[in-house]
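Under numbering that gives the first Met the number 0, read the sequence shown as residues 0 to 535, first letter to last.
Positions of the beta carbon are idealized from the N, C-alpha and C atoms, including for glycine.
Data block below; observations after.
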Amino acid sequence: MKRWNCIWSGALPLFLGFWALMLAVLAVVTIGSQKADTQNQAENARHAVAEQYREVWAGDAAEEKKPYILSWRLSGQLSAGDGIFLSAFYDPDGQLLTRTPMARGCACFPGTGVYSWFFQLDPVLSEDEQLALAGLLRENRDLQQFYGTSGGLYDARATGGLYCEVVGVADPALEIVYPQSITYVYEDRSVLILDSDSDFFSGKALTTLRFDAVQLTSALVGAEASPRALLRRWREAESNLEQLLAFSPPELSRAGSSSNGSQSSSIDGAVVLATAYAYSPLGLAAQSLWLTALLTLAAAAAMAAYTDHKQRQALQRQRDFTRAAAHELKTPLAVLRGHAEALREDIAPDKRAQYLDIVLEESDRMAALVGQLLELSRLDRGDPLRRETFDLGDLVRAVWSPLSLQLARKDLTLELDLPPCTIGGDRDKLREAVENLASNALRHCTPGGQIQVRLTRENGEIRLSVRNDGPAIAPEDLAHLFEPFYRGDRSRSRDQGGTGLGLAIAQAAAQAHGGRCTAENLPNGPSFTILLPDRP
């Protein structure tokens, strides 16, 4: 919990802010794009409805029945995000011919195989009954179709259905029925689809009809949205249609449109078609972006945690560096103070000269330490390199040439294997890196031992290796040798003249050139390598 509190107070709010901003921009762009797509779908639906009208009115059905046939064909849905699309047809006198029903059904008498009967559900069902029917059909979509064997036509379907019984007010001439109840009768059970208590049936004679095939659907049965959400969109589309017709009554001689996408115009100079639609822009955006939102949120959280981890690592390194630098300066400062205080006393001349030498030695040590601290800071800061082309082998020879006296003092043998190797880089920084590897080898090579320096080109890299005879480095220390002031082996101390920064500077110089430094234990001693990209 403490860890997450730290992350929350660190980078996470910033990443979440960027995530929310990015998602908001994506949502705006997506909503704009989907609005255009929905408008195109509505326009296509309008053309399809007009074609349905032409097909039905050109058919052989009785004129009085054509509105019911057309009504069955008018779907109230848009494929875009469970949208609602309403159509209404008006005759030349402005009277309603038919419109999109909320719930609709058709059926065929046993043995006919023709869906000639149409269920008139909207005049019968209350809002709650519409929702109940849609909920049932949504929960069990198989109920949207029924096939029975009573007519002998659907035996092969083997659904177990016998017949569908409908009780309601029927008009045999028009082949329409206003259902009070609809029941699917199977071999082993009955399923009550609808049972209305509407006042519509008060005082009316009820007829019982049996069908062997039924299709039943509702505009409130969507792919994702709930029936209640679709009902709200239905009411919104109805409101849009009413506003359009209030402003532009259905007349053959005029066309109307609204900013919400509603339209009215004549079809073939015979009828007026008015259409309206409603959808949920935010719902569409959420449907399109939820996976993107989830993945980018996870990425933002991961990046925040990673950034926080890196920041804390950097802060810890800075603290360790400051603490180590203070520790390294503390000893020479203490020595300086002690000997300075002693020099104020009346001491022997030979002691005074000795103390002055110590003061100068510690001053030089501190000057070297401060100089290396500044150099490491410049490298970490990423100051531009002064690039030039030169031979790295010549530079390495120039570093080792002045060290012959130090080699002789420890009776060391130096073996140089330096073929010509042209490189592009900062000569001074690479020279300092080589000097630090040379100084490290001189300090830790066994007296009477050998130092080998090899320069090679391998796999697109330039490798400068410095190996010295001596004890192996502890495996747990190898990974930390290039950290400032790291001394895993206490024998690698200031008593040998190092500051603890040489290898860190070598690593920083190599990294500034796109390379790195490595350390490994070989059978005859440790080896330090600078690897640089092999490019001019």
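Span separating the alpha-carbon of E186 from that of L193: Between the alpha carbons of E186 and L193 lies a gap of roughly 19 Å.
- request: Please report the residue range of the alpha helix (DSSP H) in which Q179 lies.
  value: That residue, Q179, is in no alpha helix (DSSP H); its beta strand (DSSP E) goes 175 to 185.
- prompt: What residues are listed by DSSP as bridge partners for F527?
  reply: In the DSSP output, where bridge partners are listed per residue, F527 has V465, A518.
message: When you compare the CB positions of Q144 and Q214, do they come within less than 7 Å of one another, or not?
response: Their beta carbons are under 7 Å apart, which means Q144 touches Q214 by this criterion.
- prompt: Residue range of the beta strand (DSSP E) that E414 falls in?
  reply: In the DSSP annotation of this structure, the continuous segment of the beta strand (DSSP E) that includes E414 starts and ends at 412 to 416.
field: Own chain partners of R191 with C-beta closer than 6 Å, once the 5 adjacent residues on each side are dropped
entry: The sequence as given places Leu at residue 191; Arg does not occur at that position. Answer for L191: T182, listed in chain order.
task: Kindly list the residues whose CB is nearer than 6 Å to the CB of P109, restricted to its own chain and excluding five residues on each side of it in sequence; keep chain order.
output: S149, G150, D211, listed in sequence order.
query: Going by beta carbon distance, what residues of the same chain come within less than 6 Å of R491, once the five residues before and after it are set aside?
result: Since pLDDT at R491 reaches only 46, below the 50 mark, its modelled position is unreliable, and no value is offered.
- prompt: Under three-state DSSP, which class holds I346?
  reply: It is coil, neither helix nor strand.
field: Under the three-state DSSP convention, the category V55 falls into
entry: The answer is helix: DSSP assigns V55 an H, G or I state.
- prompt: When the Cα atoms are used, what is the spatial distance from G167 to Q119?
  reply: About 10 Å.
task: Confirm, please, whether the CB-CB distance from D468 to G524 is below 7 Å.
output: The beta carbons of G524 and D468 sit closer together than 7 Å.
- prompt: Among the residues of its own chain, which have a CB less than 6 Å from the CB of R515, if the five just before and after it don't count?
  reply: Residues of the same chain with a CB within less than 6 Å of the CB of R515, apart from the 5 flanking positions on each side, are A509, L530 in chain order.
message: Counting C-beta neighbours from all protein chains within 10 Å, is the total for M0 16 or more, i.e. buried, or is it exposed?
response: Since pLDDT at M0 reaches only 48, below the 50 mark, its modelled position is unreliable, and the value read off the structure follows with that caveat. Classification for M0: exposed.
- prompt: In the structure shown, what three-state DSSP assignment does E235 receive?
  reply: Per DSSP, reduced to three states, the secondary structure at E235 is helical.
- request: Have a look at N439, S252, I504 and flag the residue whose alpha-carbon is nearest the alpha-carbon of P91.
  value: Closest by alpha carbon: S252.
field: the region 443 to 460 / the region 402 to 417 touching (three or more Cβ pairs under 8 Å)
entry: When C-beta atoms of the region 443 to 460 are compared with those of the region 402 to 417, three or more pairs fall below 8 Å, so the two segments count as touching.
- request: Go ahead and pull the three-state DSSP assignment for S403.
  value: In the structure shown, S403 sits in a helix (DSSP, three-state: H, G or I).
query: In chain order, what residues of the same chain lie with their CB nearer than 6 Å to the CB of R453, ignoring the 5 residues before and after it?
result: Only D416, S464 meet the Cβ criterion.
- request: Give me the Cα-Cα distance between R408 and N520, rounded to the nearest whole angstrom.
  value: Taking the straight line joining both Cα atoms gives about 25 Å.
- request: Taking L243 and G255 to be in contact with their CB atoms under 8 Å, please state how far apart those CB atoms are, rounded to whole angstroms.
  value: A Cβ-Cβ distance of about 6 Å is found for the pair L243 and G255, placing them in contact under the 8 Å criterion.
message: Quick check: is any heavy atom of the ligand GTP less than 6 Å from the C-beta of E344?
response: Questions concerning the ligand GTP fall outside what the structure shown contains, since it holds no ligand whatsoever.
field: Length of the line joining the Cα atoms of Q262 and W71
entry: Note on geometry: alpha-carbon atoms of Q262 and W71 lie some 21 Å from one another.
- prompt: For F199, which of helix, strand or coil comes out of DSSP?
  reply: F199 falls in the helix class under three-state DSSP.
message: How far does the beta strand (DSSP E) with Q451 in it extend, from its first residue to its last?
response: Segment 449 to 457, the beta strand (DSSP E) holding Q451.
message: On the DSSP bridge list, what partners appear for S116?
response: As written in the sequence, residue 116 is Trp, which differs from the Ser given in the question. Paired residue(s): A106.
message: What residue range does the beta strand (DSSP E) around Q143 cover?
response: For Q143, no beta strand (DSSP E) encloses it, and the DSSP letter there is neither H nor E.
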